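Engineer:
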Amino acid sequence: MLEQENGALREKVATGEVEIRKLRNSIKTARNALSESNSRLEQDNRKPGEKLDTCKAEVRKSRDIMEACKNAWTESILRLEHENGHLKEKLATCEVELRKSRDSMEAGKNSLTKSISRLNTKMVNLKRSMPVVKLS
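Numbering (the numbering used here), first residue to last: 96 to 231.
Okay, here's the thing in structure tokens:
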């Protein structure tokens, strides 16, 4: 059961890593777009007002993308931490159940050992009390 839970957690971690890679690619794309925008501005200074507006729009777009990436990252981390908390609770419960089971098995083993010892003692006493019969 823990292996399944661990497997599920690993899948979720892998999904989180995929999301992180996607977010990094989005940030890289946004950086590249901003770099291209800056290059265009340097090449053509004839229309500074228009270019400034374009740049501002691209910066807003980049900030929006970065904010979305940050929010997705934070959400992913929070979700994984939440799931990890549940898995830790389940693990703790399983460990308690395992200890109880082991304790119960040990108590049963001790009880069985005592019963066997009592039976052996009774058997020895019974053998001693039996009359000896001689066959001729």
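Backbone N, C-alpha and C define an ideal beta-carbon position, used for all residues, glycine too.
Predicted model, so just to flag it, every value in this text is computed and none were measured.
Near L136, what residues of its chain come up, given a Cβ to Cβ distance below 7 angstroms and the 5 sequence neighbours on each side ignored?
Structural biologist: These residues qualify, in order along the chain: K146 and C150.
Engineer: How would you write the range of the alpha helix (DSSP H) that K185 sits in, first residue to last?
Structural biologist: P143 to S224
Engineer: For C164, does the count of other Cβ atoms within 10 angstroms reach 16, so buried, or fall short, so exposed?
Structural biologist: buried
Engineer: Could you give the DSSP three-state label for V108: helix, strand or coil?
Structural biologist: helix
Engineer: Label L230 either buried or exposed according to how many other C-beta atoms from any shown protein chain fall within 10 Å of its C-beta, with 16 as the threshold for buried.
Structural biologist: exposed
Engineer: Return the residue from the list T169, A125 and H181 that minimises the CA-CA distance to V154.
Structural biologist: Comparing Cα-Cα distances from V154 to each of T169, A125 and H181, the minimum goes to A125.
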